[in-house]
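Participant: So the protein sequences, as listed, match chains D and C.
Quick note: the first sequence uses this note's numbering, first residue 1, plus one each step.
Quick note: the second sequence uses this note's numbering, first residue 1, plus one each step.
We treat Cβ as the ideally placed atom computed from N, Cα and C, and that holds for glycine.
Just so you know, these numbers come straight off a predicted model, no measurement behind them.
Before I ask anything, here is the structure I am working with.
2 protein chains.
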Amino acid sequence: MTKKDGGTLVIIGGAEDKTGECEILREFFSLAGGRKSRLNVLSTASEDPEAGDQYRRIFLDMGAEEVRVLAVQNRKEANQAQFFRFFDDNSGIFFTGGDQLRITGILGGSILGTALHRAYVTGAIVAGTSAGASAMSETMLVGGLDDATPKKEIIRMAPGLGLLNGVVVDQHFAQRGRIGRLLAAVAHNPYILGVGIDEDTAIVVRESGSFKVIGSGAVTVIDGKQVSHSNVSESDSDQSLALTDVCLHLLARDYGFHLKERYVMMPGTKEENK
Amino acid sequence: MTKKDGGTLVIIGGAEDKTGECEILREFFSLAGGRKSRLNVLSTASEDPEAGDQYRRIFLDMGAEEVRVLAVQNRKEANQAQFFRFFDDNSGIFFTGGDQLRITGILGGSILGTALHRAYVTGAIVAGTSAGASAMSETMLVGGLDDATPKKEIIRMAPGLGLLNGVVVDQHFAQRGRIGRLLAAVAHNPYILGVGIDEDTAIVVRESGSFKVIGSGAVTVIDGKQVSHSNVSESDSDQSLALTDVCLHLLARDYGFHLKERYVMMPGTKEENK
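Following this line, the structure appears as structure tokens:
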């Protein structure tokens, strides 16, 4: 239930404000060093090679020193030797939306993927929105039905980038009616903490293993550690899941949560981080 | 958190099977006396005067002794003196879907509404689907945003028929992404138990104050009695709600719940009812 070694994650529920105050993108920019930041936008999740360009423009407008866009489209590209130290001079790496399976299918185990992990471990801020948010955790939701009764086969899970342990992240959470698929994920292993992030909302996860909510929506935390009964193993694929004594926290801006100890941090609580 | 005096309620999340096994409608038919049942279908929720006809045909096909349809469309009609003992010989009363505000706006305090309460108190089975389900409780959800971040102004509540106390019912629950509005309702007064019923799913509420789930989907119970923190009073209308330590139960077919004592009843648990 902890972050692996490394810096700070900014995990965004998709559809973040890009034209107004840009609270979330500005927070990432600021954490990555503000005007001294050297950023890389990774649009591997998207088949559109220009998917990263809007973020590049936004971060340059904010005053970033350097913003590169990397639109790696396949494993051959991801395995180029030149990528070995590609992120070493980056203070922030931003994953766009698209399909999380493209992120892991293309980067997983590649030279570029290894470079990403090293950059993260040595302190680069890693952010991801939508598919880029889902890919952060060790086990990720690849897909699932929206607005659906929780059944065990409404979701598909797969190994993610592994930057966050013990957590399954879902995005566009309220807007696409995804409580059912997050409950289904937690039912598979109640040890896992489910974190559902609304659109234009993000969690900033710190080294200590706690996060704070920013943005306009809510973050729903599904904690299964007190689950007293589940029918997940014996239920048929077309049967509804049963899951009792799930603890749910609805968190708004400035609320926080300690992932390891599993408690809510009220607004104004002193960060335990450096 | 108890039922008022009276018989049994069948509260249906909408879109119940009408062409296959008809599990839910058959359960209502059976509870109301099967082939000896004398039923009344109330389509007041709908502006379509023929909204009750399909239910009439279904219950007649099942073998009901008598099925009447009453499509009262306004208060003048509802206040006809002939309605004073209208339901006295009915063993079951079925509310169709439509708009729950039509049910309470037209029946509330009328002669027909009074007759309904007397029939219920003297043992008639009362069922309602969709809008007819929402109208059952003392305070009902009149409307609200689907697939939305919980904020206090995304919902509207009003006094319902008052057949069930201490509970707010929502319907089409998973299918329309309504966890946000049910959490918002519970945030207003965590004493209230939120009960979200999926489509083709129902709860059968017994005199003892416990219910059992029937049908193909799930029932989500939101129990706020352990809520440790809420921002409902100080949050602005456009702010997301925060609500911590909500207890959530996901219940499938044959699971039950005791409304008064607030505990889950496993499948096979002996009914405490007659």
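Given 7 Å as the limit, tell me if Thr220 (chain D) has its C-beta closer than that to any heavy atom belonging to the ligand HEM.
Facilitator: As for the ligand HEM, it is missing from this structure, which has no ligand bound.
Participant: Hey, does Ser130 (chain D) have any beta-carbon neighbour from chain C nearer than 8 Å?
Facilitator: no
Participant: Is there a Cβ of chain D sitting closer than 8 Å to that of His188 (chain C), yes or no?
Facilitator: no
Participant: What are the boundary residues of the beta strand (DSSP E) that Leu277 (chain D) is part of?
Facilitator: Lying outside 1 to 274, the shown extent of chain D, residue 277 (chain D) is not represented and no answer is given.
Participant: Is any beta-carbon of chain C found at less than 8 Å from that of Tyr255 (chain D)?
Facilitator: yes
Participant: Please confirm whether Asn231 (chain C) and Ala51 (chain D) have their CB atoms less than 8 Å apart.
Facilitator: No, the pair does not count as a contact, with Cβ atoms beyond the cut-off.
Participant: Distance cutoff 8 Å, beta carbons only. Does Val167 (chain C) sit that close to anything in chain D?
Facilitator: no
Participant: Per DSSP, which residues does Phe95 (chain C) bridge with? Please list them.
Facilitator: C:Leu42, C:Gly128
Participant: Do Ser134 (chain D) and Gln100 (chain D) have their C-beta atoms within less than 8 Å of each other?
Facilitator: yes
Participant: Could you name the residues of the region 146-160 of chain C whose beta carbon sits closer than 8 Å to any beta carbon of chain D, in the order they occur along the chain?
Facilitator: Asp146, Asp147, Ala148, Thr149, Pro150
Participant: Listing by chain order, which chain C residues have their CB less than 7 Å from the CB of Gly180 (chain D)?
Facilitator: Ala174
Participant: Using a C-beta to C-beta distance shorter than 9 Å, which residues of chain C count as neighbours of Val121 (chain D)?
Facilitator: Neighbours of Val121 (chain D) on chain C: none; closest Cβ ~33 Å, over 9 Å.
Participant: Can you have a look at Tyr120 (chain C) and say buried or exposed, based on whether 16 or more other CB atoms are within 10 angstroms of its CB?
Facilitator: buried
Participant: Where do the N-terminal and C-terminal ends of the alpha helix (DSSP H) with Ile24 (chain C) fall, by residue?
Facilitator: 23-31
Participant: Within the 8 Å Cβ cut-off, does Ser240 (chain C) reach chain D?
Facilitator: yes
Participant: For my contact list, Thr96 (chain D) and Ala45 (chain D) are in at a C-beta cut-off of 8 Å; report their separation, rounded to the angstrom.
Facilitator: With 8 Å as the limit, Thr96 (chain D) and Ala45 (chain D) qualify as a contact, their Cβ atoms being about 6 Å apart.
Participant: So, are the CB atoms of Met157 (chain C) and Met140 (chain C) less than 8 Å apart?
Facilitator: yes
Participant: Cβ of Val264 (chain D) less than 8 Å from any chain A Cβ?
Facilitator: Of the protein chains in this structure, namely D and C, none is chain A.
Participant: Could you tell me if Leu60 (chain C) is buried or exposed, where buried requires 16 or more neighbouring beta carbons within 10 angstroms of its beta carbon?
Facilitator: exposed
Participant: So that I know if they touch, is there some Cβ in chain C lying closer than 8 Å to that of Lys274 (chain D)?
Facilitator: Since pLDDT at Lys274 (chain D) reaches only 38, below the 50 mark, its modelled position is unreliable, and the value read off the structure follows with that caveat. Not an interface residue.
Participant: Within the same chain, show all residues whose beta-carbon is closer than 7 Å to that of Tyr55 (chain C), passing over the 5 residues directly before and after it, in chain order.
Facilitator: Val41, Phe94, Thr96
Participant: Alpha carbons only, please: which of C:Ser237, C:Phe257, C:Glu27, C:Asp236 is nearest the one belonging to Thr244 (chain D)?
Facilitator: C:Phe257
Participant: Are any of the Cβ atoms in chain D nearer than 8 Å to that of His229 (chain C)?
Facilitator: yes
Participant: Cβ closer than 7 Å: which chain C residues qualify as neighbours of Thr244 (chain D)?
Facilitator: Ordered by position in chain C, the residues that pass the 7 Å Cβ test against Thr244 (chain D) are His249, Val264.
Participant: Quick check: the Cα distance between Met265 (chain D) and Asp223 (chain D), rounded to an integer number of angstroms?
Facilitator: 15 Å
Participant: Is DSSP giving Lys274 (chain C) helix, strand or coil here?
Facilitator: Here the model assigns Lys274 (chain C) a pLDDT of 38, short of 50, so the residue's position is not dependable, and the following value carries that caveat. Coil.
Participant: Which same chain residues end up closer than 6 Å to Ala187 (chain D) when comparing Cβ atoms and leaving out the 5 residues on each side of it in sequence?
Facilitator: Ser230, Val232, Leu241, Leu243
Participant: Kindly say whether Ala252 (chain C), judged by its beta-carbon, lies nearer than 8 Å to any beta-carbon of chain D.
Facilitator: yes
Participant: On a CA-only basis, which of C:Thr129, C:Ser228, C:Gly180 is nearest Gly144 (chain C)? Give me that one, please.
Facilitator: C:Gly180
Participant: Alpha carbon to alpha carbon, how far is Gly194 (chain D) from Met1 (chain D)? Give it in angstroms, no decimals.
Facilitator: Note that Met1 (chain D) has pLDDT 38, beneath the 50 cutoff, so the model's placement of it is unreliable and the number below is only indicative. For Met1 (chain D) and Gly194 (chain D), the distance between alpha carbons rounds to 11 Å.
Participant: For Phe211 (chain C), report the span of its beta strand (DSSP E) as first-last.
Facilitator: Unbroken beta strand (DSSP E) run through Phe211 (chain C): 210-215.
Participant: Do you know whose CA, among C:Thr201, C:Thr269, C:Lys76, C:Asp236, lies nearest Ala127 (chain C)'s CA?
Facilitator: C:Thr201
Participant: Determine the closest residue to Ile155 (chain D) out of D:Asp53, D:Leu183, D:Arg35, D:Leu70, with distance taken between C-alpha atoms.
Facilitator: D:Leu183
Participant: Hey, how far is the Cα of His172 (chain D) from the Cα of Tyr255 (chain C)?
Facilitator: 31 Å
Participant: Within this structure, are the beta carbons of Asp146 (chain C) and Gly108 (chain C) separated by less than 8 Å?
Facilitator: no
Participant: Please classify Glu234 (chain D) as buried or exposed, where buried requires at least 16 other C-beta atoms within 10 Å of its C-beta.
Facilitator: exposed
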